[in-house]
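Protein chains in written order, with our numbering: chain G, 3 to 531; chain X, 8 to 323; chain Y, 3 to 328. Report on the structure given below.
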Amino acid sequence: MKSGIAVALAAAGLSVTLGATDMRAETLRFAFQGSLNSLDPYTLNETFTLGMLGNVYEGLTRRGANLEIMPALATKWEVVEPTRWRFHLRQGVKFANGNDFTAEDVAFSAQRVLDEGSDLKTRLPADVKVEVVDDHTVDFITSSPNPILYYEWDTWYIMDKEWAEANDAVAPTTAADLTKGYAAFNANGTGAFVVESHEPGVKTVLKPNPTWWDTRNSNLTEVIFTPIASNATRVAALLSGDIDFMYPVPTQDLKRVEDNAETEALVGPELRTIFLGMDQMRDELLYSDVKGKNPFKDKRVREAFYHAIDIEAIKQKVMRGLSTPSALMISPFLFTYSDDFKRLDYNPEGAKKLLEEAGYGDGFEVGMDCPNDRYVNDEAICQAVTAMLAKIGVKVNLNAQPKALYFAKVLAPGGYDTSFYLLGWTPGSFDSWNVLHNLHGCRNEAGDGGPFNLGGYCNPKVDDLANQILVETDADKRNQLIKQAYELTTGDVAYVPLHQQSLAWGVRKGVSVVQRADNQVMLYHINIE
Amino acid sequence: MTDTVPPNVPTGTKSWWQRAAESDVLYSFRRSWLAQVSAVVTFVFVFMAVFAPWIAPFDPYDLSQVSLLDSLLPPVWAEGGDPRFLLGTDDQGRDILSTIMYGARISIFVGLASVLFAGILGVSLGLLSGYLGGAVDAVIMRLADIQLTFPAILIALLIDGIATAVIGGKGDAFTAYAVLTLSIGLSFWVQYARTVRGSTLVEKNKEYVQAARIIGRHPLSIMIRHVLPNVMGPVLVIATINLALAIILEATLSFLGVGVPVTEPSLGTLIRIGYDFLFSGEWWITFFPGLALAILALAVNLLGDWLRDALNPKLR
Amino acid sequence: MLAFILRRLGQAAIVMMAVALLAFVMFRFVGDPVNQMVGIETSLEEREALRERLGLNDPPVEQFLRFVWNAANFNFGISYQFKAPVSELLASRLPATLELSIISALLALVVGVPMGVYAGLRRDAWLSRIFLTVSLMGVALPTFLIGILLIYVFSVLLGWLPSFGRGQTVDLGFWTTGLLTISGWKSLILPVTTLALFQLTLIMRLVRAEMMEVLRTDFIKFARARGLQTRAINFGHALKNALVPVITITGLQLGSVIAFAIITETVFQWPGMGLLFLQAVQNVDIPIMSAYLLLIAFLFVAINLAVDLLYFAVDPRLRITRAAGH
Numbered sequence: 003m004k005s006g007i008a009v010a011l012a013a014a015g016l017s018v019t020l021g022a023t024d025m026r027a028e029t030l031r032f033a034f035q036g037s038l039n040s041l042d043p044y045t046l047n048e049t050f051t052l053g054m055l056g057n058v059y060e061g062l063t064r065r066g067a068n069l070e071i072m073p074a075l076a077t078k079w080e081v082v083e084p085t086r087w088r089f090h091l092r093q094g095v096k097f098a099n100g101n102d103f104t105a106e107d108v109a110f111s112a113q114r115v116l117d118e119g120s121d122l123k124t125r126l127p128a129d130v131k132v133e134v135v136d137d138h139t140v141d142f143i144t145s146s147p148n149p150i151l152y153y154e155w156d157t158w159y160i161m162d163k164e165w166a167e168a169n170d171a172v173a174p175t176t177a178a179d180l181t182k183g184y185a186a187f188n189a190n191g192t193g194a195f196v197v198e199s200h201e202p203g204v205k206t207v208l209k210p211n212p213t214w215w216d217t218r219n220s221n222l223t224e225v226i227f228t229p230i231a232s233n234a235t236r237v238a239a240l241l242s243g244d245i246d247f248m249y250p251v252p253t254q255d256l257k258r259v260e261d262n263a264e265t266e267a268l269v270g271p272e273l274r275t276i277f278l279g280m281d282q283m284r285d286e287l288l289y290s291d292v293k294g295k296n297p298f299k300d301k302r303v304r305e306a307f308y309h310a311i312d313i314e315a316i317k318q319k320v321m322r323g324l325s326t327p328s329a330l331m332i333s334p335f336l337f338t339y340s341d342d343f344k345r346l347d348y349n350p351e352g353a354k355k356l357l358e359e360a361g362y363g364d365g366f367e368v369g370m371d372c373p374n375d376r377y378v379n380d381e382a383i384c385q386a387v388t389a390m391l392a393k394i395g396v397k398v399n400l401n402a403q404p405k406a407l408y409f410a411k412v413l414a415p416g417g418y419d420t421s422f423y424l425l426g427w428t429p430g431s432f433d434s435w436n437v438l439h440n441l442h443g444c445r446n447e448a449g450d451g452g453p454f455n456l457g458g459y460c461n462p463k464v465d466d467l468a469n470q471i472l473v474e475t476d477a478d479k480r481n482q483l484i485k486q487a488y489e490l491t492t493g494d495v496a497y498v499p500l501h502q503q504s505l506a507w508g509v510r511k512g513v514s515v516v517q518r519a520d521n522q523v524m525l526y527h528i529n530i531e
Numbered sequence: 008m009t010d011t012v013p014p015n016v017p018t019g020t021k022s023w024w025q026r027a028a029e030s031d032v033l034y035s036f037r038r039s040w041l042a043q044v045s046a047v048v049t050f051v052f053v054f055m056a057v058f059a060p061w062i063a064p065f066d067p068y069d070l071s072q073v074s075l076l077d078s079l080l081p082p083v084w085a086e087g088g089d090p091r092f093l094l095g096t097d098d099q100g101r102d103i104l105s106t107i108m109y110g111a112r113i114s115i116f117v118g119l120a121s122v123l124f125a126g127i128l129g130v131s132l133g134l135l136s137g138y139l140g141g142a143v144d145a146v147i148m149r150l151a152d153i154q155l156t157f158p159a160i161l162i163a164l165l166i167d168g169i170a171t172a173v174i175g176g177k178g179d180a181f182t183a184y185a186v187l188t189l190s191i192g193l194s195f196w197v198q199y200a201r202t203v204r205g206s207t208l209v210e211k212n213k214e215y216v217q218a219a220r221i222i223g224r225h226p227l228s229i230m231i232r233h234v235l236p237n238v239m240g241p242v243l244v245i246a247t248i249n250l251a252l253a254i255i256l257e258a259t260l261s262f263l264g265v266g267v268p269v270t271e272p273s274l275g276t277l278i279r280i281g282y283d284f285l286f287s288g289e290w291w292i293t294f295f296p297g298l299a300l301a302i303l304a305l306a307v308n309l310l311g312d313w314l315r316d317a318l319n320p321k322l323r
Numbered sequence: 003m004l005a006f007i008l009r010r011l012g013q014a015a016i017v018m019m020a021v022a023l024l025a026f027v028m029f030r031f032v033g034d035p036v037n038q039m040v041g042i043e044t045s046l047e048e049r050e051a052l053r054e055r056l057g058l059n060d061p062p063v064e065q066f067l068r069f070v071w072n073a074a075n076f077n078f079g080i081s082y083q084f085k086a087p088v089s090e091l092l093a094s095r096l097p098a099t100l101e102l103s104i105i106s107a108l109l110a111l112v113v114g115v116p117m118g119v120y121a122g123l124r125r126d127a128w129l130s131r132i133f134l135t136v137s138l139m140g141v142a143l144p145t146f147l148i149g150i151l152l153i154y155v156f157s158v159l160l161g162w163l164p165s166f167g168r169g170q171t172v173d174l175g176f177w178t179t180g181l182l183t184i185s186g187w188k189s190l191i192l193p194v195t196t197l198a199l200f201q202l203t204l205i206m207r208l209v210r211a212e213m214m215e216v217l218r219t220d221f222i223k224f225a226r227a228r229g230l231q232t233r234a235i236n237f238g239h240a241l242k243n244a245l246v247p248v249i250t251i252t253g254l255q256l257g258s259v260i261a262f263a264i265i266t267e268t269v270f271q272w273p274g275m276g277l278l279f280l281q282a283v284q285n286v287d288i289p290i291m292s293a294y295l296l297l298i299a300f301l302f303v304a305i306n307l308a309v310d311l312l313y314f315a316v317d318p319r320l321r322i323t324r325a326a327g328h
């Protein structure tokens, strides 16, 4: 999902160091299931791509092992006026090509990230004004107070203005380009590593950046990244020692990786919440045998669906214990009062009664959209949901497909073409406002409002609260408002939250890595013994 | 991949049932124990496929029977096995034995449908091409050349890609069957067409065909009544071998993501699902469907082998 | 002679044009290319401008001719996924696929021919029967399952061979090869075996059948009558005659092998065109799909043409047989 990155306050970076000597010295051979298609940091708002590029490029801020916001290219920042943020930039930083990093680069990057072809426009408010105060000071002027302005800036990477201009890369690389995008194949960042070579979909080689401004907590001399799409092959590659580090480890193979003498599995909670959504907007449901009305507009039907889900069975059997059932649409690590919320119980009998009351005693038929290569065991979860709903008489026709096709269909560009779907969400700012706005905000058919509210849930009171939350600066008051909003949304059964999945990384023994709850890999924290 | 390899098929003069009547085939069948075993195995599979709804212990399509709590159970004889599930259960709690029976049903159905489609298309075009000759012949044979350019996998992926783009997503089970049948069938027809064309060229100059023509029989009727029976032998051989190929091809395609929905799996889909459990210790999820597929494909292949030898007097 | 070559060339051109038409139709009409290219916020005017810039408003015939012209100049457009020219992507992936396919075909020949000869000469020997039956396993199990089982045994359990990729490659400027390093060769073993198995079965059975056929022809009988040694007859005469169609068919099969490499490449994460194509299909990356299609067609037509010309050069008499269809 285009959710970007997550914050996690708990889930302290897990670090494993196990003795083992190896001749392969300090080359890290690393594999992931997806590929790094473009080096342009504004082309794709996707966790892996941004995480990988975070080793080459840097933002004004960055996030530490526990996802705390830390200074990076900016050393400090302050609110000068309620609508004016001032960022003081780090001095003496150079891009990989030797150019100096200055305020002009920040202003340029702001303009570029807001460009039409950018996939990361949400990093900055559209109407933000950027003022260069001096070479190392920049002001951001917003139209209204915004306490969380910079929360996602750890993945808004700063690019070199001169380099972009010299190489015709002023605008982000998009598919509409008729020529090869320079920035998609070349990188020039300030980060810990530089790109030695990049063959999209085949191999990307990184080397340490000798002029990096920060002290390096890593002894890597080379990183070779290879995408390995097939789960079985990726596991085999780790088990046979052909790679040093890979993720995700399929849940069913964790034990195997653990039991193997040469490898180790690292498991930790992830911030992403997996949930089921229902179309509550159309007057007639698509892909259904119910004509002329939309069953999901009836709260009792949504509640029945919720009661039909045996979340413990999914946890034990599908996730093999590696999930945390969730009552909210946000990870408990990201919201203080999570414990005040409880899931509706598993109660198929009650569910049937609710359906009967709603006038669907004989059940009905509905199509379900599901990705099959995006989340941990996504297809298996959907299949299990299908079987559970069958027991309350609802016939679900499952349409599981690769993420590219899935997202093209269910998101705004596809016209929200779905009735019932499984999706995962991590608030990019690690804050509830993101969840309330993106997933719960009333929207129109074009997606203005809550852009990722695929089912079109709408409760104006929630929108009001969200607007208050956005500008409220008092933490306690803000949390109370958030709690009120969640009480409304869970009361409405806006969604059926399922669980937070787990991170599962596999490493060769002797490789020490720091696992971050947002599933981003910080290569500059990896050591090989 | 055999789509460009013409099997070594006979182009004898007598029709295949004439020869059968002379008991050559029957005799050879009685002599070959391998053929007998293959026939029995094939029959068992077809029986299982046809009668799956009545003989399978569970209906894997009826999701109200499936419980996630029964998932990943090993076969009965292994530790932790459940007597209800002879060969264990898969990751969703479906009985493996039942899914194999229902899966074989789909695999055999898709195989037969595509072979039938290819056969009808190929035989008709071959007859036309051989009998009419001239421009028709040239066009059909060039079409065959173009067709050969595209191996089955490529065709299937393309048809699937096009269907996906047109429908805007994976369609229902019916679309999946159609895509599979069409793509597998399209990659097989050339073989029939070439074989039939060759035989037709030989047959059409025989006296009895000439005679039929002179007495004013319609060309279509001549083709169907006289030429067709004489080319059925090789066609049958190709069809048998293609059936085995089609079943394997269906499995391969489901691995590539072109296939029937997971909720109604074929043997290939079952193997694809089990593929993810190869390293995790739940070997039965892949092993039994894989074994079933291999045995079925082997039996049909051996049957085809025997049939080819039996119908080809030159090799005896 | 010239007439024959010209006719063959003409036919090849027609085939290529037909394939190009197919690729064009796919490129142009399967999903609106503009929709694939722009984001949701793009306004109608901007879409129209892009449409104009891409020439999508021109008459279809003109568009098709431009497509063919571009294709002939190796311009297949920009990949939606990688934002790079498709021709560049294909060119960088071509060596991996060709090395895999050609070595597989060679392996299948080197192993399949002797097995087939033996099975053909000694039809009833128990070893022949074993060859025949065991070889059927190559077509009775799906390639992907064979591939992962090989990985399991030789990489995970025994640790002898790499489980994925091409190993160390050497860049020759126009070609990246895995054939110059030990790790490259080691990486080839498993995928090549996986890909060759199917071919091997076919070749073995074909050689066996051809041998049996040739052995009963008159000239072999005459040779026997002349009192030539069995060995000389079998290998000097029979094998030579049986091999001609085998080599032809192996050559013609190369196109299929390349296509079948899609599966092998997927299982072994082999960075070839097949993997690229499969990803393209999954992501509806039409420029890559249509270019791959054209490329496979071109390879097939080229091989076909080469075989025809070779035949012609070797034995003009064969022209008639081949013209009649094989």
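For every residue, glycine included, the Cβ atom is placed at its ideal position computed from N, Cα and C.
*So what does Trp427(G) bridge to, in DSSP terms?*
In the first sequence, the residue the question calls residue 427(G) occupies position 425. Its beta-bridge partners are Thr275(G).
*In its own chain, which residues sit with a C-beta less than 7 Å from the C-beta of Phe76(Y), not counting the 5 before and 5 after it?*
Here residue 76(Y) is taken as the residue at index 74 of the third sequence, counted from 1. Cβ within range, chain order: Ser89.
*List the residues that DSSP assigns as beta-bridge partners of Gly61(G).*
Position 59 of the first sequence, counted from the first residue, corresponds to residue 61(G). The partner list for Gly61(G) (beta bridge, DSSP) reads Tyr159(G).
*Mind listing the chain X neighbours of Gln35(G)? Cutoff is C-beta to C-beta under 8 Å, in chain order.*
Your numbering for residue 35(G) matches position 33 in the first sequence. Ordered by position in chain X, no residue passes the 8 Å Cβ test against Gln35(G), which lies about 12 Å from the chain.
_Please identify the residue among Gly512(G), Val378(G), Gln522(G) whose C-alpha is closest to the C-alpha of Leu222(G)._
The sequence position of residue 222(G) within the first sequence is 220, counting from 1. Per the Cα distances, Gly512(G).
*From this set, Leu500(G), Met161(G), Phe50(G), Lys78(G), which residue's C-alpha is nearest Arg345(G)'s C-alpha?*
On the first sequence, residue 345(G) is found 343 positions in, with the first residue counted as 1. Looking at the Cα atoms, Leu500(G) is the closest of the given residues.
*Starting from Asn228(G), follow the beta strand (DSSP E) in both directions and report where the run begins and ends.*
Position 226 of the first sequence, counted from the first residue, corresponds to residue 228(G). Rather than Asn, the amino acid found at residue 228(G) in this sequence is Thr. Counting along the chain, the beta strand (DSSP E) containing Thr228(G) begins and ends at 224–229.
*With DSSP as the reference, label His225(X) as helix, strand or coil.*
In the second sequence, counting from the first residue as 1, residue 225(X) sits at position 218. His225(X): coil per DSSP, three-state reduction.
*To the nearest angstrom, report how far apart Tyr215(X) and Gly141(X) are at their CA atoms.*
Looking up residue 215(X) in the second sequence gives position 208. Looking up residue 141(X) in the second sequence gives position 134. Roughly 22 Å separates the two Cα atoms.
*Any idea what DSSP makes of Val437(G), helix, strand or coil?*
Counting from one through the first sequence, the residue named residue 437(G) turns up at place 435. Under the three-state reduction of DSSP, Val437(G) is assigned to helix.
_Alpha carbons only, please: which of Ala329(G), Asp478(G), Asp371(G) is nearest the one belonging to Leu456(G)?_
Taking the first sequence and counting its residues from 1, one reaches residue 456(G) at position 454. For the set Ala329(G), Asp478(G), Asp371(G), the Cα lying nearest the Cα of Leu456(G) is the one of Asp371(G).
_Cα-Cα separation, Val309(Y) to Thr250(Y)_ = As a first step, residue 309(Y) is located in the third sequence; it is residue number 307 there, counting from the start. As a first step, residue 250(Y) is located in the third sequence; it is residue number 248 there, counting from the start. As the crow flies, the alpha-carbon of Val309(Y) is around 7 Å from that of Thr250(Y).
*Do the region 211–229 of chain Y and the region 105–118 of chain X make contact, defined as three or more Cβ pairs closer than 8 Å?*
Verdict: no, contact absent.
_Assuming Arg290(G) and Gly369(G) are in contact, meaning their beta carbons sit under 8 Å apart, how far apart are those beta carbons, in whole angstroms?_
Counted from its first residue, the first sequence places residue 290(G) at position 288. Counted from its first residue, the first sequence places residue 369(G) at position 367. Position check: residue 290(G) holds Ser in this sequence, whereas Arg was assumed. The Cβ separation is near 7 Å, so the contact holds.
*Select from Gly95(X), Leu303(X), Leu94(X) the residue whose C-alpha is nearest the C-alpha of Val253(X).*
What you label residue 253(X) is simply residue 246 of the second sequence in a count that begins at 1. For the record, residue 253(X) in the displayed sequence is Ala; it is not Val. For the residues Gly95(X), Leu303(X), Leu94(X), the minimum Cα distance to Ala253(X) belongs to Leu303(X).
*Is DSSP giving Glu43(Y) helix, strand or coil here?*
Taking the first residue of the third sequence as position 1, residue 43(Y) is located at position 41. Confidence in Glu43(Y) is poor, its pLDDT being 48 and thus under 50, which makes the residue's placement unreliable; the coordinate value appears in the next sentence. In the displayed model, Glu43(Y) falls within coil according to three-state DSSP, outside both helix and strand.
_Using beta carbons (cut-off 9 Å, strictly below), is Thr23(G) in contact with chain Y?_
Residue numbering aside, residue 23(G) sits at position 21 when the first sequence is read from its first letter. Reliability fails at Thr23(G), whose pLDDT of 40 lies under 50, so the model's placement of it is uncertain and the value that follows must be treated cautiously. Taking Cβ atoms only, chain Y never reaches closer than 9 Å to Thr23(G), which makes this a no.
_For chain Y, check one thing: does any of its Cβ atoms lie closer than 9 Å to the Cβ of Thr293(X)?_
Position 286 of the second sequence holds residue 293(X). By this cut-off, Thr293(X) is an interface position.
*Starting from the C-beta of Thr144(G), find all residues in its chain whose C-beta is less than 6 Å away, skip the five residues before and the five after it, and write them out in chain order.*
Taking the first sequence and counting its residues from 1, the one referred to as residue 144(G) is at position 142. Hits under 6 Å: Thr85, Pro127, Val130.
*Candidates Leu75(G), Thr206(G), Ala239(G), Phe195(G): closest to Arg218(G) by CA position*: Counted from its first residue, the first sequence places residue 218(G) at position 216. Selected option, being the one with the closest Cα: Phe195(G).
*Are Leu155(X) and Val267(X) close, meaning C-beta to C-beta below 9 Å?*
Numbered from 1 along the second sequence, position 148 holds the residue referred to as residue 155(X). Numbered from 1 along the second sequence, position 260 holds the residue referred to as residue 267(X). Taking 9 Å as the Cβ cut-off, Leu155(X) and Val267(X) do not qualify as a contacting pair.
_Quick check: Val269(Y) and Phe146(Y), are their CB atoms within less than 9 Å of each other?_
As a working mapping, residue 269(Y) is identified with position 267 in the third sequence. As a working mapping, residue 146(Y) is identified with position 144 in the third sequence. With contacts defined as CB atoms closer than 9 Å, Val269(Y) and Phe146(Y) qualify as a contacting pair.
_Chain-ordered neighbours of Asp102(X) on chain G, where CB pairs are closer than 7 Å_ = Position 95 of the second sequence, counted from the first residue, corresponds to residue 102(X). For Asp102(X), no chain G residue has a Cβ inside 7 Å of its Cβ, as the nearest lies near 13 Å away.
*If you follow the alpha helix (DSSP H) that Ile248(X) is part of, which residue opens it and which one closes it?*
Here residue 248(X) is taken as the residue at index 241 of the second sequence, counted from 1. According to the DSSP assignment, Ile248(X) belongs to the alpha helix (DSSP H) that extends over 235–262.
*Mind checking if Gly192(X) is an interface residue toward chain Y, Cβ cutoff 9 Å exclusive?*
Numbered from 1 along the second sequence, position 185 holds the residue referred to as residue 192(X). Not an interface residue.
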